[in-house]
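First the structure, in the form of structure tokens, and then the observations on it.
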Amino acid sequence: MNDLLITGLLIVSLFLLLGSGVWIGLTLTGVAWIGMELFSSRPAGDAMALTIWGSASSWTLTALPLFIWMGEILFRTRLSESMFRGLAPWVNALPGRLLHTNIIGSTIFAAVSGSSAATCATIGKMTIPELTRRGYPPEKIVGSLGGASTLGLLIPPSIIMIVYGVAAEVSIAKLFVAGVIPGLMLAALFSGAIVVWALLNPQAVPQSDGSLSFMDKLRESRHLIPVVLLIGGVIGTIYSGIATATEAAAVGVVGALILSASQRSLNWQSFRDALLGATRLYCMIALILAGAAFLTLAMGYIGLPRHLAEFVASLNLSPGVLLIALALFYILLGCFLDGISMIVLTMGVVLPTVQAAGIDLVWFGIFIVIVVEMAQITPPVGFNLFVLQGMTRRDIDWIAKACLPYFFLMVLAIALLYWFPALVTWLPSRM
């Protein structure tokens, strides 16, 4: 049976299982089982047991539940309120004024959360009512928040980077460091877009409530000290080489607990809720990763990745054309799947192709994360769109339209990273 027919059969099986409501992790396991039973001589049960155990017992993966737990703890603190108080006095002089709090607040919270949805929900709970009360245009409030909250995936620590690092066997610490400059660049592009809009539409920007003296601004900035210390503890220990990504995640959890206790938001109920929330989310991700590991093994025995890589190599696509094709593929896939599922579903097939094209895997990891960010604000399955819909009660199409300019800014960011790859590779090369 030729490769095209095998691929078609497995894809049909995948969508039939997904369409019937089977969990993604179990769907991946089922497709792998079908592939091994029909097209391989290796016993599927033995292979599944060994692969799932190996995936679940990975030491590298330990960082994932810890970062998720850290984000859940912070979600229940008054961190976002403190960040708004510390940031607002400094952005009043910029064109667009307080709209920049969505960008800067999301950038800061992304550095302690690792989750796009958590960043969107936490910052949105505070900024949407406040900016609406002050008279800012609703589409600009929602659009800037939806776009900027995707930075939760790019600015370290990032849950999706850990997933990619495990799947691609790439240093998670290097991925974290590689995401810093692109993340800040993307935040600057978002703020720049607000500045341009505000200069073109000055009448749409509410007047400032008044100016504070420099010393008053400094006094308000004290509210940023806890989050700055936490970011420094997590990222600083990784970049300095003091701790691995897993050890830095433990530092983050301890720091989040201390921050929560200092704000008096740590009690038995919040501790229990954070722990259970992190456990539920991690169990879902771990099941997906286990199924993806089994599917990758099955694809290896069938030989599809090798044959696909040979086919793509025979097309003699330049790295640029290959990346454009992959970007379009992931954007399309992102209309139906969440980011983690997109990565674990495709890495077994895509990585051999990328390696054959000579593309650096750390750079490719950042490329993938930005493309997944784009998928977070594309309907019908854009997770940030769902979060925003829940907070604003607006129609999903209206929210997607408000976020569309930020989608195109991410396209620009990918082009800049392709033209200037050192934006990604410079920091990791110095570790």
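Residue numbers for the sequence shown follow our numbering, so the first one is 10 and each next one is one higher.
Every residue gets a Cβ at the ideal spot worked out from N, C-alpha and C, and that includes glycine.
Any non-hydrogen atom of the ligand COA closer than 7 Å to residue i Cβ
i           : result
residue 301 : This structure lacks the ligand COA, and indeed carries no ligand of any kind.
N-terminal and C-terminal residue of the alpha helix (DSSP H) that residue i is part of
i           : result
residue 139 : 125–142
residue 427 : 405–428
residue 178 : Per DSSP, residue 178 belongs to no alpha helix (DSSP H) and is neither H nor E.
residue 337 : 328–342
residue 155 : 147–158
residue 41  : 33–48
residue 101 : Looking at the DSSP string, residue 101 is not in any alpha helix (DSSP H), and its letter there is neither H nor E.
residue 396 : 392–401
residue 272 : Careful: residue 272 lies outside any alpha helix (DSSP H) and carries neither H nor E.
residue 164 : Run containing residue 164: none; DSSP gives neither H nor E here.
Residues near residue i in its chain [Cβ-Cβ closer than 7 Å; skip 5 each side]
i           : result
residue 360 : 177
residue 110 : 93, 96, 97, 100 and 136
Best match in the options for proximity to residue i [C-alpha to C-alpha]
i           : options               : result
residue 107 : 81, 131, 137 and 120  : 137
residue 413 : 391, 402 and 386      : 386
residue 19  : 27, 31, 43 and 35     : 43
residue 391 : 420, 305, 129 and 171 : 129
residue 57  : 301, 236 and 155      : 301
residue 70  : 362, 400, 173 and 126 : 173
residue 268 : 255, 239, 247 and 288 : 239
residue 79  : 263, 192 and 100      : 263
residue 271 : 82, 400 and 119       : 82
residue 233 : 163, 99, 53 and 409   : 99
residue 15  : 76, 194, 431 and 41   : 41
residue 62  : 326, 351, 399 and 299 : 299
residue 47  : 308, 431, 244 and 77  : 308
Per-residue DSSP class, three states only, for residue i
i           : result
residue 256 : helix
residue 87  : coil
residue 368 : coil
residue 206 : helix
residue 74  : helix
residue 251 : coil
residue 482 : For the chain, the structure presents residues 10 to 440; residue 482 sits outside this window and is missing.
residue 68  : coil
residue 214 : coil
residue 96  : helix
residue 230 : helix
residue 82  : helix
residue 171 : helix
residue 385 : coil
residue 222 : coil
Rounded Cβ spacing between residue i and residue j (contact assumed at less than 8 Å)
i           : j           : result
residue 179 : residue 371 : 6 Å
residue 378 : residue 201 : Not really, about 21 Å apart at Cβ, beyond 8 Å.
residue 158 : residue 222 : That belief does not hold up - the Cβ atoms of residue 158 and residue 222 are roughly 32 Å apart, past 8 Å.
residue 366 : residue 328 : 5 Å
residue 75  : residue 258 : 3 Å
residue 376 : residue 423 : 6 Å
6 Å Cβ shell around residue i - same chain, five flanking residues per side excluded
i           : result
residue 143 : 215
residue 152 : 411 and 412
Residues near residue i by beta carbon distance below 8 Å, same chain, minus five either side
i           : result
residue 464 : What the structure shows of the chain is the stretch from 10 to 440, and residue 464 is not part of that stretch, so it cannot be assessed.
residue 418 : 156, 195, 198, 199 and 202
residue 374 : 170, 173, 174, 177, 179, 184 and 187
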